[in-house]
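Since the structure comes first, as structure tokens, the remarks are kept for the end.
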Amino acid sequence: VLRSLGIPTRVITNFNSAHDTNINLSIDKYIDNSGKTLDLSEDSVWNFHVWNESWFIRRDLGSFYDGWQVLDATPQEKSKGIYQCGPASTRAIKEGHVNLDYDSSFVFAAVNADYVTWIHYSKKRKERIYSDTKKIGKFISTKAVGSNSRVDVTANYKYPEVKEISFKIFYSQYKNSLLDDRKILVTAV
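Just so you know, the numbering used here puts 106 at position 115 of the sequence shown, and the rest follows in order with no gaps.
The following block contains the structure:
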């Protein structure tokens, strides 16, 4: 329908797509002391999920959010009382601006939630034992124009996963970097 109106639109597939039912930006799995999975969360990870993107100018959010917008024709959760999802700016999703309207937090979780495992001891006590920050949102793809090739658009939704590198720095160097108001960023791919 949007293409017939002249609005650029494409289909997007997200593999390892999170379904975050409580909007806490994580997929929570609960186990007991013996490792048995407990049914305490409605969160899930789907093999894949498909939605549409359309190219919009966002006067309501500001020009920073212009560009591809997520529209899900098969929403699984109510948004503002009705089953709808979007238009959520892919720029907002990538930047982690989850406080915006139009379900940006839900789509952010679909592509970038942490997968967290908890030991559930009692109603009042649980312990986080594992967190996987790389499991969700893999091979986010669309079809290439003019061919049946896959185009990876993951970089439109999230920054590359980075490995943590431990290194030592002398306190005097650290202190000087704070005084100079500089930040040290170390990433490895």
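Heads up, the beta-carbon is just placed ideally off N, CA and C, and yes, glycines get one too.
Since the structure is predicted, the reported quantities are computational estimates derived from the model, not experimental observations.
Any idea if residue i is buried or exposed, counting beta-carbon neighbours within 10 angstroms, 16 or more meaning buried?
i	result
residue 112	exposed
residue 77	buried
residue -8	exposed
residue 61	buried
residue 30	exposed
residue 152	exposed
residue 130	exposed
residue 184	Nothing can be reported for residue 184: it is not among the residues displayed for the chain, which extend from -8 to 180.
residue 59	buried
Which of the three DSSP states, helix, strand or coil, is assigned to residue i?
i	result
residue 180	Here residue 180 scores only 46 on pLDDT, less than 50, and its place in the model should not be relied on; the value that follows carries that caveat. Reduced to three states, the DSSP call for residue 180 is coil.
residue 10	strand
residue 25	coil
residue 122	strand
residue 32	coil
residue 84	helix
residue 74	strand
Return the residue from the list the options that minimises the CA-CA distance to residue i.
i	options	result
residue 54	119, 3, 82 and 97	82
residue 181	110, 10, 148 and 119	Past the edges of the chain, shown from -8 to 180, lies residue 181, and the structure says nothing about it.
residue 40	97, 56, 73 and 59	97
residue 80	67, 68 and 50	50
residue 147	93, 99, 32 and 94	99
Residues bridged to residue i by DSSP?
i	result
residue 3	42
residue 61	44 and 79
residue 111	117
residue 133	142
residue 106	18 and 123
Which same chain residues, not among the five before or five after residue i, have their C-beta less than 8 Å away from its C-beta?
i	result
residue 134	1, 2, 140, 141 and 142
Ordered along the chain, which non-local residues of its own chain (more than five positions away) have a Cβ less than 6 Å from that of residue i?
i	result
residue 123	106
residue 14	96
residue 89	95, 96 and 99
residue 48	57
Taking 7 Å as the limit between beta carbons, can you name the residues of its chain near residue i, skipping five residues before and five after?
i	result
residue 126	7 and 106
residue 63	42, 76 and 77
residue 24	110
residue 149	85, 102, 103 and 128
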